[in-house]
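According to my numbering, the residues represented by the sequence shown are 17 to 367, in order.
Every residue gets a Cβ at the ideal spot worked out from N, C-alpha and C, and that includes glycine.
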Amino acid sequence: MNHLDILLPFGLPQAELARDLLRQCQAPALATLLTRGNNAERADCDPFARALPHEQWLSQRFKLNAGDLDAADQRGNSPPAAAALLRAHDAALCQGHWFVLQPAHTHVARDHLVLTDIAQLALDEADARRLFASAQPLFAEAGRTLLYLDAGTWLMRADDWAGLQTSTPQAASGRNIDIWMPTGAGERAWRKLQNEVQMQWFADELNEARELRGQKPINSLWLWGGGDAAATVAATGYACTFNLNGWPQALSSNNQQLGAASALLAAPGGRALLLLDSLQEPGLNSEWGLWLAQMEILERDWFAPLLQALRNKQLRSLSLLLSGQERLLEVTTTATSLRKFWRRPTLAKLT
């Protein structure tokens, strides 16, 4: 393989904790790749952007039109994930403007509501189908088509809401949802429909059963990712994409799941993208002990084997794209740059 891009959401810890965390982090191969790499590029991102830095990167790399900034909302819009998901689900559904809907949990924190990380809800197929069936008549009454993709992902058609500005659930997780809620055309209609669904689910025994099992109730829906169903994803130059899941999976028709670096290196193609997202959940939820444990697993399973592959010239170059809540760092390492032995390996670039 000629070149590999590795995208690491939350590979950059919170700035105020970074130094203490990195003193405990055991990742010598990652330190070597970062220290001896060339062309280190840093970007500071808007802390109030409607998508996280790695989501913005994916949207730009796959040439999705994520919506232009306007005078009413300088934070832009979330990537149009619905169009990609719809096309992957049924290519015949190529008309209209669609949004992603995800069952969610919000809780009260003093004087505002906070969105819980959706990945922590563990909503199974049977419960999701029950909630979908409960909500569908309300959407039908409002004249909205609702599609079920999987337990955590539904789609809704709303052609007259094409100007609605939305935020990804990851961008809003753990924060006051007021500033992340949809704004613009259709805002009031969506809040009315959302409230009706919330009241319907509040009375559902399913949530009482979840709470008895120690699970959070599903008490809301998060709407985001609006896009024109006819939109297409431009070619990216990647021969293969690996470990893509969720909405990124719909961006590429040749994505594969790999269990080891050796399998990736044996795959054909000149350029590939690998998404490693095991740091995202602990990063979003400030579980830094788990973050350290996951970083050591990544070191063992990926960074160390790929460093050796560069040294053996099985891989010509490797770009690490590490993101945080408000930052993005890109470092490219080659077999030649590894010869800079005078650069002592350090994780300082992650601070």
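Three-state class that DSSP yields for residue i in the structure shown
| i | result |
| --- | --- |
| Q111 | coil |
| L274 | coil |
| Q341 | coil |
| S335 | strand |
| S353 | helix |
| E303 | coil |
| M311 | helix |
| L101 | helix |
| D86 | Interpretation of D86 is limited by its pLDDT of 40, a score under 50 that renders its predicted location unreliable; the figure taken from the coordinates is listed afterwards. D86 falls in the strand class under three-state DSSP. |
| R204 | helix |
| R316 | helix |
| P95 | coil |
| K7 | Shown here, the chain extends from 17 to 367; a query on residue 7 therefore has no answer. |
| W358 | coil |
| L267 | helix |
| A138 | coil |
| Q296 | helix |
First and last residue of the uninterrupted alpha helix (DSSP H) at residue i
| i | result |
| --- | --- |
| T161 | Run containing T161: none in the alpha helix (DSSP H); it sits in the beta strand (DSSP E), T161 to D166. |
| A125 | Here A125 belongs to no alpha helix (DSSP H); instead the beta strand (DSSP E) covers T122 to A125. |
| S150 | E141 to E157 |
| R327 | A320 to R327 |
Contact check, residue i vs residue j, beta carbons under 8 Å
| i | j | result |
| --- | --- | --- |
| W240 | V116 | yes |
| L139 | A167 | yes |
| L147 | H70 | no |
| L363 | L46 | yes |
| P7 | T161 | The displayed coordinates of the chain run from 17 to 367. Any statement about residue 7 would go beyond what the structure contains. |
| A170 | G202 | The sequence given here has Trp at residue 170, not Ala. Not a contact, by the Cβ cut-off of 8 Å. |
| L237 | Q72 | no |
| A100 | T184 | no |
| E297 | A135 | yes |
| G53 | V347 | yes |
| K232 | L137 | yes |
| V213 | A151 | yes |
| L165 | H121 | no |
| R327 | A351 | yes |
| N110 | A251 | Checking the sequence shown, residue 110 turns out to be Cys, not Asn. No. Outside cutoff. |
| L308 | Q40 | yes |
Residues that DSSP places opposite residue i in a beta bridge
| i | result |
| --- | --- |
| R287 | H19 |
| W170 | L117 and Y164 |
| S128 | The identity of residue 128 in the sequence shown is His, whereas the question assumes Ser. In the DSSP output, where bridge partners are listed per residue, H128 has A125. |
| Q372 | Past the edges of the chain, shown from 17 to 367, lies residue 372, and the structure says nothing about it. |
| E346 | E57 and L337 |
| N192 | V130 |
Cβ-heavy atom distance, residue i to the ligand SAM, below 7 Å
| i | result |
| --- | --- |
| G53 | As far as ligands go, the structure on display features none, and thus does not contain the ligand SAM. |
Open item on the list: So within the region 207-265, which uninterrupted alpha helix (DSSP H) runs reach at least 4 residues, ignoring any that extend past its ends?
Closed with: 221-228
TODO: Enumerate, from N- to C-terminal direction, the unbroken beta strand (DSSP E) stretches of 3 or more residues contained entirely within the region 23-76.
DONE: 54-60
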